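**Student:** Can you read through this structure? Questions will come right after.
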Amino acid sequence: MWFRLPIVRHRLHQAGLDFVRVEGPLTVIGGRHGDKERMFRFDTGCEITTVSEDVAAALGLPAGGRPVGMRGSTGSGSARFVPVRLRFPPDPYGGPGVEVDSTWAVVRGPTNLALLGFQEVHRHFTIMTHRDVIDFLPWPATKPWGQTADADDPDGPTDS
Numbered sequence: 001m002w003f004r005l006p007i008v009r010h011r012l013h014q015a016g017l018d019f020v021r022v023e024g025p026l027t028v029i030g031g032r033h034g035d036k037e038r039m040f041r042f043d044t045g046c047e048i049t050t051v052s053e054d055v056a057a058a059l060g061l062p063a064g065g066r067p068v069g070m071r072g073s074t075g076s077g078s079a080r081f082v083p084v085r086l087r088f089p090p091d092p093y094g095g096p097g098v099e100v101d102s103t104w105a106v107v108r109g110p111t112n113l114a115l116l117g118f119q120e121v122h123r124h125f126t127i128m129t130h131r132d133v134i135d136f137l138p139w140p141a142t143k144p145w146g147q148t149a150d151a152d153d154p155d156g157p158t159d160s
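Following the numbering used here, the residues of the sequence shown are numbered contiguously, the last one being 160.
Have a look at this one:
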C-alpha cells in the first residue's frame with residue numbers, strides 16, 4: 001500500500017520566485033460528521049500535522065483537547081492536540097490507503113490551514129522524489145533484499 005502525489009510547480013510573477021507544492025487527500029475516519037476527506041499540503045518543515053479551527057470543525061475533529069504552545073517559522077501561538085484516525089490516499093492501482101492513529105495540532109488564527117507534517121508521513125512511509133511526483137512507500141519496501149519485518153515486531157527487521 002503506497003501512494004503517489006504530483007509535484008506542482010508555481011511561479012510568483014511579481015516577485016520572480018519559483019516554488020513547488022505537493023498536496024493530497026487525507027480522510028479523517030469516524031469524526032463527528034462521519035468520514036471526511038480533505039486536501040492537505042505536504043509541509044516538510046512541519047513536525048506535526050496542523051489544521052486551523054475551521055478545518056477541524058469541518059472534519060468533525062473533537063472539541064477540546066490538550067492545550068499546548070506552538071512555535072514555527074512564521075510565528076508562535078496556542079494550539080490544542082486532538083486524537084485523529086486517518087487514511088492516507090489509495091494506491092495508484094485502487095488498493096486502500098493506510099489507516100493510522102495520530103495526534104494533530106489545531107491552531108487558532110489562520111483559516112483554511114491543512115498541513116500534513118513530515119513526521120506524520122515519515123513514521124509510515126519512506127519518500128522517493130521523481131521529476132514530477134513523489135512516491136510514498138511503506139518502510140519494508142526500502143529494506144535490503146531478503147529482510148522483512150517480524151509479525152510480532154513490525155519495526156524489527158530479520159534476515160530471511
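Glycine residues also receive a C-beta, built at the ideal position from the N, C-alpha and C atoms. Nothing here was measured: the structure is a model prediction, and the numbers come from that model.
For Val22, collect the residues of the same chain with a Cβ closer than 8 Å to its Cβ; drop the 5 residues on either side in sequence, then sort them by chain order.
**Tutor:** Closer than 8 Å at the Cβ level, and outside the excluded window around Val22, lie Leu5, Pro6, Ile7, Val8, Arg41, Phe42 and Ile134.
**Student:** For Val20, which residues in the same chain have their Cβ closer than 8 Å to its Cβ, ignoring the five residues on either side in sequence?
**Tutor:** If we look at Val20 and ignore the five residues flanking it on each side, its Cβ neighbours are Ile7, Val8, Arg9 and His10.
**Student:** Looking at the unbroken beta strand (DSSP E) that takes in Leu137, where does it start and where does it end?
**Tutor:** Val133 to Pro138 is the extent of the beta strand (DSSP E) around Leu137.
**Student:** So Val55 is in the alpha helix (DSSP H); what residue range does that whole segment cover?
**Tutor:** Its alpha helix (DSSP H) spans residues Glu53 to Leu59.
**Student:** Hey, which unbroken runs of the beta strand (DSSP E) at 3 residues or more fall wholly within the region 62-101?
**Tutor:** With a minimum length of 3 residues, the continuous beta strand (DSSP E) runs that stay inside the region 62-101 are 66-72 and 75-87.
**Student:** Just the C-alpha distance for Phe125 and Leu17, rounded to the nearest angstrom, thanks.
**Tutor:** Their backbone Cα atoms lie some 30 Å apart in a straight line.
**Student:** Taking the alpha carbon of Phe81 as the point to measure from, which residue in Phe88, Ala57, Pro89 and Trp104 has its own alpha carbon closest?
**Tutor:** The shortest C-alpha separation from Phe81 is found at Trp104.
**Student:** Can you tell me the Cα-Cα spacing of Gly95 and Val51, whole angstroms?
**Tutor:** Going from the Cα of Gly95 to the Cα of Val51 covers about 27 Å.
**Student:** Where does Thr122 sit, in a helix, a strand or coil, going by DSSP?
**Tutor:** For the sequence presented, residue 122 should be read as His rather than Thr. Looking at His122 - three-state DSSP - the assignment turns out to be helix.
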